[in-house]
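Q: Pasting a structure here, questions to come.
Residue numbers (this note's numbering), protein chains in the order written: chain A, 26 to 370; chain B, 570 to 828.
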């Protein structure tokens with residue numbers, strides 16, 4: 026039942042760790058997030074030192090995201106072109122973020138600022154996604170009740186004065202339904218082109234996602250998420266997914282696959298650097314976790330196929346909000362121990 | 570007459586020998602404080618989950634005994650938590666507990682209170698108040714309250730199961746004593762000292778010590794060496810295994826995952 030971990034220097038119940046991997050891998054396959062924001066605190070709860078928990082989690086995410094990327098690629102859910110632009114941006118952003126954190130740490134009070142940014146980001150993203158997908162689900166119900174109204178019509182109305190939000194929702198739903206609303210997608214693109222972003226150079230059509238953007242947009246957003254992720258010390262999946270949905274206007278299922286593809290590379294870099302410079306990757310712990318997570322990612326992908334894009338979004342929003350509430354509670358209630366080891370979230 | 574006087578002399582000599590033997594024996598009993606620990610080496614292999622330690626030895630009858638298992642003192646660097654902006658509890662800065670052992674397991678034949686004079690306690694570092702006397706706190710906090718933060722430190726170490734005081738757990742039978750205690754798996758590999766103190770009238774009259782070696786073995790030792798001595802190879806191995814596992818299981822699910 027127990028296994029000793031050579032780097033974490035502690036003994037763990039391996040069935041419990043495999044179970045944790047399975048649960049978080051399932052979320053990864055379902056929502057396209059790495060799950061670090063859940064896994065790192067859970068590992069710390071079973072006695073893994075914070076720095077080792079974070080680094081080893083990156084190692085197991087490589088396995089879970091490789092498993093998930095393969096499953097989503099087979100389903101045609103990976104936009105490699107978009108993923109590559111976001112990845113390049115993410116690497117640049119990560120490098121910038123690491124420098125920013127150094128400056129912040131030197132000036133003092135950085136931890137408070139980081140924690141606040143993290144909580145606010147999680148809270149805003151979770152709340153926005155929750156209400157947006159709730160609206161979309163309600164709309165969907167109405168449409169089902171009124172067969173006269175179809176996505177094409179709705180899109181047409183949007184073009185003559187509806188808000189951008191409703192257009193985006195239509196685009197997501199249409200694509201998630203298998204590209205039934207091509208008309209809607211083209212309306213969205215036209216609407217977009219009127220915007221400032223459309224005036225940027227290097228306009229590129231992203232076939233898999235069915236959207237046109239300047240290559241600078243995913244690059245810039247990648248930098249933005251990379252900076253925030255580096256500052257907050259997280260993988261950034263929970264930020265990248267909403268960015269792809271709401272700013273790049275990609276269909277939810279393609280978002281999940283592309284996010285996993287990108288996470289696989291980000292975590293590869295993090296794992297190697299942590300193992301090489303800090304010696305904080307526990308190989309045995311990673312193996313126990315990935316035994317669970319690679320299967321979890323597959324089960325998550327299969328489950329995800331049975332759910333509508335908006336149902337996925339609202340579930341992710343609920344998880345993000347629960348995690349936010351937990352962090353806020355932890356911060357407000359007096360901890361039982363007032364001393365701790367350094368590192369971790 | 571001559572015969573009876575010879576007999577008397579022999580009897581006296583016999584009595585003298587018996588008395589001398591008795592004196593020699595009692596003196597040797599008083600000095601014979603010994604200690605041994607079993608096992609003396611604890612190998613940390615994959616199935617390691619702590620160990621059962623048995624400390625045995627001999628001591629003068631009537632002496633109280635204290636057994637201390639501890640590491641050499643060093644600095645324990647921690648973060649302290651406080652309220653930021655009057656609302657959020659978070660790690661605020663560094664707190665270095667200087668001159669503290671990583672492991673401190675104390676056992677005795679009876680209650681520690683009143684067993685030793687305060688000066689002797691500090692000299693032999695027996696009990697948490699004595700440990701506090703020897704500890705220095707350095708922190709980024711302006712003038713930390715030593716009493717308050719040392720209490721937090723003890724709570725922290727107790728939670729880790731690395732500090733423990735168990736009174737009355739050392740049992741004796743005649744001139745032999747015995748202690749059975751659990752060695753925590755949370756304790757890092759290293760060399761630890763097992764020290765036994767014989768106490769009489771509030772003073773330590775004798776001490777004996779031996780060492781306990783806790784070392785990585787087998788796969789645990791191999792992986793640890795690889796991680797620290799050949800970090801690049803270790804990192805690449807971790808990645809290759811993760812990728813291979815991910816893609817292999819991904820391929821297994823081919824039937825279930827695809828349309």
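No residue lacks a Cβ here, since even glycine has one placed at the ideal position from N, Cα and C.
On a predicted model such as this, the values are computed, not experimentally measured, just so you know.
In chain A, what lies closer than 8 Å to residue 785 (chain B) by C-beta?
A: By Cβ distance, chain A contributes 31.
Q: Please determine if the region 79-93 of chain A and the region 50-67 of chain A are in contact, where contact requires at least 3 C-beta pairs separated by less than 8 Å.
A: Contact between the region 79-93 of chain A and the region 50-67 of chain A is present, because at least three Cβ pairs lie under 8 Å.
Q: Could you tell me whether any Cβ in chain B is nearer than 8 Å to the Cβ of residue 208 (chain A)?
A: Any reading at residue 208 (chain A) must be qualified, since the residue scores a pLDDT of 42, below 50, and its modelled position is unreliable; the value itself is stated next. Residue 208 (chain A) does not count as touching chain B.
Q: Terminal residues of the continuous beta strand (DSSP E) containing residue 97 (chain A)?
A: Where residue 97 (chain A) is concerned, there is no enclosing beta strand (DSSP E), although the alpha helix (DSSP H) it sits in stretches over 75-99.
Q: Counting only beta-carbon separations shorter than 8 Å, does residue 157 (chain A) have a partner in chain B?
A: Not an interface residue.
Q: Can you find the residues in the same chain that come closer than 6 Å, C-beta to C-beta, to residue 749 (chain B), ignoring five residues on each side of it along the sequence?
A: Excluding positions up to five away in sequence, the list reads 623.
Q: If we call anything under 8 Å between Cβ atoms a contact, is residue 29 (chain A) one with residue 614 (chain B)?
A: Contact: yes.
Q: By a C-beta neighbour count over all protein chains shown, 10 Å radius and 16 as the cutoff for buried, is residue 761 (chain B) buried or exposed?
A: Residue 761 (chain B) comes out buried.
Q: Closer than 7 Å by beta-carbon distance: list the chain E residues that pair up with residue 617 (chain B), in chain order.
A: In the structure shown, chain E cannot be found, because the protein chains are A and B.
Q: Are the C-beta of residue 752 (chain B) and some C-beta of chain A separated by less than 8 Å?
A: For residue 752 (chain B), the answer is no, since every Cβ of chain A falls outside 8 Å of its Cβ.
Q: Can you tell which of B:702, B:633, B:638, B:630 has its C-alpha closest to the C-alpha of residue 606 (chain B)?
A: It is B:638 whose Cα lies nearest to the Cα of residue 606 (chain B).
Q: Measuring only between beta-carbons, confirm whether residue 672 (chain B) sits less than 8 Å from chain A.
A: No - not a single Cβ of chain A is within 8 Å of the one on residue 672 (chain B).
Q: Determine contact between the region 28-48 of chain A and the region 301-318 of chain A, defined as no fewer than three beta-carbon pairs at a distance below 8 Å.
A: Yes, they touch.
Q: How do the region 722-739 of chain B and the region 675-685 of chain B stand: do at least 3 beta-carbon pairs fall below 8 Å, yes or no?
A: They touch, by the three-pair rule.
Q: As a quick exercise: from A:121, A:162, A:53, A:328, pick the residue whose alpha carbon is nearest that of residue 289 (chain A).
A: Per the Cα distances, A:53.
Q: Taking all protein chains shown into account, decide if residue 259 (chain A) is buried (16 or more other Cβ within 10 angstroms of its Cβ) or exposed.
A: Classification for residue 259 (chain A): buried.
Q: How should residue 230 (chain A) be labelled, buried or exposed, when 16 other C-beta atoms within 10 angstroms of its C-beta is the threshold for buried?
A: The residue in question, residue 230 (chain A), is exposed, as its Cβ has fewer than 16 Cβ neighbours within 10 Å.
Q: Taking C-beta pairs closer than 7 Å, name the residues in chain A that residue 725 (chain B) reaches, listed in chain order.
A: Within 7 Å Cβ-Cβ: 362, 364.
Q: Quick check on DSSP: helix, strand or coil for residue 691 (chain B)?
A: Three-state DSSP puts residue 691 (chain B) in a helix.
Q: Measuring alpha carbon to alpha carbon, tell me which of B:646, B:662, B:647, B:645 ends up nearest residue 653 (chain B).
A: Nearest of B:646, B:662, B:647, B:645 to residue 653 (chain B), Cα basis: B:662.
Q: Of the residues that make up the region 748-773 of chain B, which ones have a beta carbon closer than 7 Å to any beta carbon in chain A?
A: Residues 754, 755, 757.
Q: At 3 residues or longer, what runs of the beta strand (DSSP E) sit wholly inside the region 627-679 of chain B?
A: Segments of the beta strand (DSSP E) lying fully in the region 627-679 of chain B: 633-639, 643-653, 657-669, 673-677.
Q: Are residue 247 (chain A) and residue 367 (chain A) touching if we call contact CB-CB under 8 Å?
A: No.
Q: When you compare the CB of residue 721 (chain B) with every CB in chain A, is at least one pair closer than 8 Å?
A: Yes, contact with chain A.
Q: What does residue 649 (chain B) reach in chain A if we use C-beta pairs closer than 9 Å?
A: What residue 649 (chain B) touches in chain A: 363, 364, 365.
Q: Beta-carbon of residue 732 (chain B) versus every beta-carbon of chain A: anything under 8 Å?
A: With 8 Å as the cut-off, residue 732 (chain B) does not count as an interface residue toward chain A.
Q: Mind checking if residue 614 (chain B) is an interface residue toward chain A, Cβ cutoff 8 Å exclusive?
A: Cβ-Cβ to chain A under 8 Å: yes for residue 614 (chain B).
Q: At 4 residues or longer, what runs of the alpha helix (DSSP H) sit wholly inside the region 290-324 of chain A?
A: Taking only runs of at least 4 residues, no alpha helix (DSSP H) segment lies wholly in the region 290-324 of chain A.
Q: Using a 10 Å radius around the Cβ and a threshold of 16 neighbouring Cβ atoms, would you call residue 648 (chain B) buried or exposed?
A: Residue 648 (chain B) comes out buried.
Q: To test your reading of the DSSP string, which unbroken beta strand (DSSP E) runs of 3 or more residues are found completely within the region 689-753 of chain B?
A: Counting whole runs of 3 or more residues, the region 689-753 of chain B contains the beta strand (DSSP E) stretches 705-708, 732-735, 740-742, 745-752.
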